[in-house]
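Okay, structure first, notes after.
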Amino acid sequence: MNEHEHENDIESELIGGKNPIVEALRSGRELNKIWVAEGLNMKSIGEILSLAKKAGIIVQAVPKQKLDGLLDVNHQGIVASVAAYEYAELEDLFTVATERGEDPFFLILDELEDPHNLGSILRTADASGVHGVIIPKRRAVGLTGVVAKSSTGAIEHIPVVRVNNLSQTVEELKKRGVWIAGTDAAKSVDYRLMDATLPLAVIIGSEGKGMSRILKEKCDFLYHLPMVGHVTSLNASVAASLLMYEVLRKRQPHTSGR
Numbered sequence: 003m004n005e006h007e008h009e010n011d012i013e014s015e016l017i018g019g020k021n022p023i024v025e026a027l028r029s030g031r032e033l034n035k036i037w038v039a040e041g042l043n044m045k046s047i048g049e050i051l052s053l054a055k056k057a058g059i060i061v062q063a064v065p066k067q068k069l070d071g072l073l074d075v076n077h078q079g080i081v082a083s084v085a086a087y088e089y090a091e092l093e094d095l096f097t098v099a100t101e102r103g104e105d106p107f108f109l110i111l112d113e114l115e116d117p118h119n120l121g122s123i124l125r126t127a128d129a130s131g132v133h134g135v136i137i138p139k140r141r142a143v144g145l146t147g148v149v150a151k152s153s154t155g156a157i158e159h160i161p162v163v164r165v166n167n168l169s170q171t172v173e174e175l176k177k178r179g180v181w182i183a184g185t186d187a188a189k190s191v192d193y194r195l196m197d198a199t200l201p202l203a204v205i206i207g208s209e210g211k212g213m214s215r216i217l218k219e220k221c222d223f224l225y226h227l228p229m230v231g232h233v234t235s236l237n238a239s240v241a242a243s244l245l246m247y248e249v250l251r252k253r254q255p256h257t258s259g260r
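Spelled out as structure tokens, the structure:
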């Protein structure tokens with residue numbers, strides 16, 4: 003493999019950074035090899051070395067320039083070759099909800115293209131109790147190394163389903179009793195009025211175009227985020243975070259002492 007190969011081909015097999023690699027090892031993910039930059043303080047990656055030794059994974063010291071050529075992200079002097087990320091099935095998301103004894107809470111990402119946004123969303127999804135994320139196969143970022151790095155390990159814990167047709171998937175979810183919510187500046191209500199106690203899937207639109215018309219028409223509820231300043235929209239991952247935490251807030255009301 004050389005540095006001129008297609009970005010997604012490389013990043014589907016390599017992850018960089020201490021936290022993503024620790025989480026991959028903890029989760030039992032199949033790692034082929036770990037490269038460490040020469041001169042790196044080994045005490046700073048003690049847990050990684052210990053976990054790698056237990057799993058029988060080779061750790062090799064190489065010049066930092068080699069790591070720079072392998073991965074175009076801040077790798078912190080450590081890169082791992084891993085088995086490609088496995089996508090979940092839709093049924094897996096319902097299983098997670100059932101195992102937790104909770105009503106389903108899914109996130110649907112409509113043609114999100116920025117890997118940093120997807121990684122950030124996965125991180126917040128893990129923190130806020132989302133049972134799984136659904137993305138389309140076409141015109142959208144998948145589970146790459148940049149996404150893994152941006153998620154700081156959450157990619158190992160949040161099931162991601164990749165589907166051929168989001169519209170058909172939404173219809174299937176509705177047949178299974180899941181209500182669909184989306185965001186829209188017009189003809190919508192304040193997101194703070196959301197009924198989050200229902201089995202729910204929240205659709206987040208793409209960075210530039212927002213949610214597609216077809217998906218918008220399938221929504222049971224449309225919400226907007228109040229904007230009192232001069233900007234007209236929020237970053238996709240920020241908007242998604244606000245909606246995810248509103249669901250958590252409604253489902254787990256704050257109690258004193260926490």
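Mapping of the sequence shown onto the working numbering: position 101 corresponds to residue 103, and the numbering continues sequentially without gaps. Note that the Cβ used here is the ideal one computed from N, Cα and C, for glycine as well. All of these numbers come straight from a predicted model, not from anything done at the bench.
When the distance is taken between beta carbons, is GLY144 closer than 8 Å to ARG164?
yes
With burial defined as no fewer than 16 other Cβ atoms inside 10 Å of the residue's Cβ, what is the status of VAL64: buried or exposed?
exposed
Burial state of ALA187, where buried means 16 or more other Cβ atoms lie within 10 Å:
exposed
In DSSP terms, what ASP192 is bridged to:
HIS226
Which of the three DSSP states, helix, strand or coil, is assigned to ARG164?
strand
Between SER130 and the rest of its own chain, which residues show a CB-CB distance below 6 Å, the 5 nearest in sequence each way excluded?
MET246, TYR247 and LEU250
Cα separation between PRO228 and ALA90?
34 Å
In chain order, what residues of the same chain have a beta carbon less than 6 Å from the beta carbon of LEU175, not counting five sequence neighbours either side?
ALA203
Round the Cβ separation of VAL148 and VAL75 to the nearest angstrom and send it over; I've been treating them as touching at under 8 Å.
6 Å
Going by alpha carbons, who is nearest to PRO106 out of ILE136, HIS77, GLY48 and LEU120?
ILE136
Taking GLU113 and PRO138 to be in contact with their CB atoms under 8 Å, please state how far apart those CB atoms are, rounded to whole angstroms.
6 Å
For VAL100, three-class secondary structure by DSSP
According to the sequence shown, residue 100 is Thr rather than Val. Three-state DSSP puts THR100 in a helix.
On a CA-only basis, which of ILE160, PRO161, VAL38 and ASN167 is nearest ARG140? Give me that one, please.
ASN167
PRO22 vs ALA127 beta-carbon contact at 8 Å:
no
Select from THR146, GLY210 and LEU120 the residue whose C-alpha is nearest the C-alpha of ALA2.
The structure shown has nothing for residue 2, since the chain only spans 3 to 260.
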